[in-house]
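Under this note's numbering, think of the first position of the sequence shown as 16, with each following residue one higher. Ideal placement from N, C-alpha and C gives every residue a C-beta, glycine not left out.
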Amino acid sequence: MTPVQPTNTSSLSAWRAQHFKLAVAEGVASVTLSRPEKKNPLTFESYAELGALFRAAAHDDTIKAFVLSGEGGNFCSGGDVFEIIGPLLDKDAKGLLAFTEMTAELVKAMRACPQPIIAAIDGVCAGAGAILAMASDLRIGTPAAKVAFLFNRVGLAGCDMGACAMLPRIVGLGRASELLYLGRSMNGDEGLSWGFFNRLAAPNALDETATALAREIATGPTFANGVTKRMLAMEWAMSLETAIDAEAIAQALCMKTADFGRAYQAFAAHQKPLFKGD
């Protein structure tokens, strides 16, 4: 379960992905879970490598946004039953804690990386797959998407990888409670009305829609977008007064960037600003 490191930690373009597909173009890193014959389940190795990837992203200024998707009409079916759940039955308490801490590290890495992550979700999105979607910053679904936090279906609590902290903030406490207690599927239309999905797309347009959104974000002020993501996370635990003070400091910092000056110059010239992330 040792995280796989890239050949060049300063550039994800040099990363030789072993447990998923990775492509980088126009400032967008596309991460595709690619075990379609089993609906793209996670393994010990893919958990670790994904966590290492998102940690490394904090040091790659060329990456402006991520698109996270699955191959073959499904997003992710969760932890592989035979490659993860079966072996867990033979582990002692120390081994089980090492596993749950590793899965938690993936979510922490996704939330800590400064780049916005867009999840493109079609078909099955269950268990740890639902957590990956939840931990992303934006979610594009399809009408055929089926999102299920089904931990109680395998005798576990719904408090997995931050679900009890994050899901209520996305869909509300009552709706999150229903999903976590029942382990039932939330379809695309329901997910859209509940606020889990930002928008829906046709299955054949899902990748294009998610990539277009990522590229639109990538043209924005990268440093400022990273500050926005950090403050969205930090302000969960702040009082309103503290949050307002923290935002005043954060915004003043952004005003020292070259992108802020570019925006003014473009406005004065009646042009669209071309941000460079500095």
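(1) In chain order, what residues of the same chain have a beta carbon less than 6 angstroms from the beta carbon of ALA148, not counting five sequence neighbours either side?
(2) Between ALA281 and PHE275, what straight-line distance do the alpha-carbon atoms span, to the nearest angstrom?
(3) Helix, strand or coil, according to DSSP, for GLU52 in the structure here?
(4) I think ALA263 touches MET246, with their Cβ atoms under 8 angstroms apart; what is that distance to the nearest whole Å?
(5) Below 8 angstroms, can you find three or more Cβ-Cβ pairs linking the region 101–112 to the region 155–165?
(6) Quick check on DSSP: helix, strand or coil for ALA40?
(7) Check whether the Cβ atoms of GLU118 and ALA80 sit closer than 8 angstroms, and answer yes or no.
(8) Note down the Cα distance separating LEU194 from GLY177, rounded to an integer number of angstroms.
(9) Quick one: measure Cβ to Cβ for GLY88 and PRO236, integer angstroms, because I've assumed they're closer than 8 angstroms.
(10) When the Cα atoms are used, what is the spatial distance from SER28 to GLY93?
(11) Would the beta-carbon of LEU83 fall within 8 angstroms of that of SER26?
(12) Tell me whether TYR196 is buried or exposed, calling it buried when 16 or more other Cβ atoms sit within 10 Å of its Cβ.
(13) Which term fits MET201, buried or exposed, when burial requires 16 or more other beta carbons within 10 angstroms of its beta carbon?
(14) With DSSP as the reference, label ALA135 as helix, strand or coil.
(15) Per DSSP, ARG214 is paired with what?
(16) With SER192 as the anchor, note down where its alpha helix (DSSP H) starts and where it stops.
(17) Along the alpha helix (DSSP H) that carries ASN240, what are the first and last residues, could you check?
(18) Among the candidates GLU86, ARG277 and CYS179, whose CA atom is the shortest distance from the CA of LYS36?
(19) Between the C-alpha atoms of PHE90 and THR58, what's the straight-line distance to the nearest angstrom?
(20) Between the Cα of GLU231 and the Cα atoms of ARG31, GLY42, LYS54 and ALA63, which residue gives the shortest distance?
(21) Just how far apart, CA to CA, sit ALA225 and GLN130?
(22) VAL242 and PHE211: beta carbons closer than 8 angstroms?
(23) So, ALA12 versus ARG70, is the Cβ gap smaller than 8 angstroms?
(24) Could you check what DSSP says for GLY110 in three-state terms: helix, strand or coil?
(25) In angstroms, rounded to a whole number, what distance separates the CA positions of ILE259 and ALA248?
(26) Whole angstroms are fine: how far does the CA of LEU215 sit from the CA of GLY203?
(27) Can you tell me whether THR272 is buried or exposed, with buried defined as 16 or more other CB within 10 angstroms of its CB?
(28) With DSSP run on the structure shown, which of helix, strand or coil describes GLN20?
By the coordinates alone:
(1) ALA134, ILE136, CYS140 and ARG154
(2) 10 angstroms
(3) helix
(4) Incorrect: roughly 11 angstroms between the Cβ atoms, too far for contact.
(5) no
(6) strand
(7) Per the sequence shown, the amino acid found at residue 118 is Thr instead of Glu. No, they are not a contact pair.
(8) 14 angstroms
(9) That belief does not hold up - the Cβ atoms of GLY88 and PRO236 are roughly 35 angstroms apart, past 8 angstroms.
(10) 27 angstroms
(11) no
(12) exposed
(13) buried
(14) strand
(15) ILE155
(16) 188–197
(17) 237–249
(18) GLU86
(19) 15 angstroms
(20) GLY42
(21) 15 angstroms
(22) no
(23) For residue 12 there is no data in the structure shown, the boundaries of the chain being 16 and 293.
(24) helix
(25) 14 angstroms
(26) 7 angstroms
(27) buried
(28) Here the model assigns GLN20 a pLDDT of 47, short of 50, so the residue's position is not dependable, and the following value carries that caveat. Correct three-state label for GLN20: coil.
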